[in-house]
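Its first residue numbered 1269, the sequence shown is counted upward by one per residue in this note's numbering.
Every residue, glycine too, gets a C-beta built ideally from N, C-alpha and C.
Note that the structure is a prediction, hence the values are computed from the model and not measured.
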Amino acid sequence: MNRPGEPTVEELTARIAALQGQNRQLAERVVKLEEELALARLHRFAPKSEKHIDRLFNEAEQAADEDAADGEDGDVVVLPDTGLPATEGATGKKRGRKALPENLPRERVEYDLPDDQKVCPCCRHQLHRMGETITEQLHIEVKAKVLQNVRFKCACRHATAPGSARRS
């Protein structure tokens, strides 16, 4: 028996169902707002670059890529005459670090293979030195000097197959 003024079981069940539906709507809204917050943070704190992960399709870039692929076939593009004097080739900045000053003392450190490893893997003849690669690094102790790291390059005089040279 129900007392007057108290809701019935059916009314309570309907109210619970309504509250569960409202709870689902609020949970979906929370998820949506969290996604929007994450996106806003991404746009605010992510690096500013044209190379963004989720950028839109750019037809101009695709056309340029196709033109570049077509131009690699050896075709020479002839530009119209503008009446301006011809310029020399594009002179860009030199890449890499500046050379270390020549007045610094240099110490040569050589790295070479042991004699038992200087054998051609193809024909088993002895490898002969054919050059060297020199890299420099600034080494500062009490005084500055330049260490020259020399790595010798070896090749077989008898093997003719490409890739038979062994690097050290």
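- At least 7 Å separates the beta-carbon of E1409 from that of L1368.
- Here C1422 is bridged, per DSSP, to R1397.
- In terms of CA proximity to H1426, C1388 leads the group R1419, C1388, V1418 and G1399.
- CA-to-CA, the gap between V1414 and L1301 works out to about 59 Å.
- Annotation: R1365 is outside any alpha helix (DSSP H) and is labelled neither H nor E by DSSP.
- Within the DSSP bridge table, the entry for L1415 names E1375 and Q1405 as partners.
- Around the beta carbon of C1422, a 10 Å sphere encloses 16 or more other beta carbons of the protein chains shown; the residue is thus reported as buried.
- By the neighbour-count definition (other C-beta atoms within 10 Å, threshold 16), C1391 is an exposed residue.
- In this chain, G1273 is not harboured by any alpha helix (DSSP H), its DSSP state being neither H nor E.
- Excluding residues up to 5 positions away in sequence, R1419 lie with their Cβ nearer than 6 Å to the Cβ of T1401 in the same chain.
- L1305 counts as exposed, since fewer than 16 other beta carbons sit within 10 angstroms of its beta carbon.
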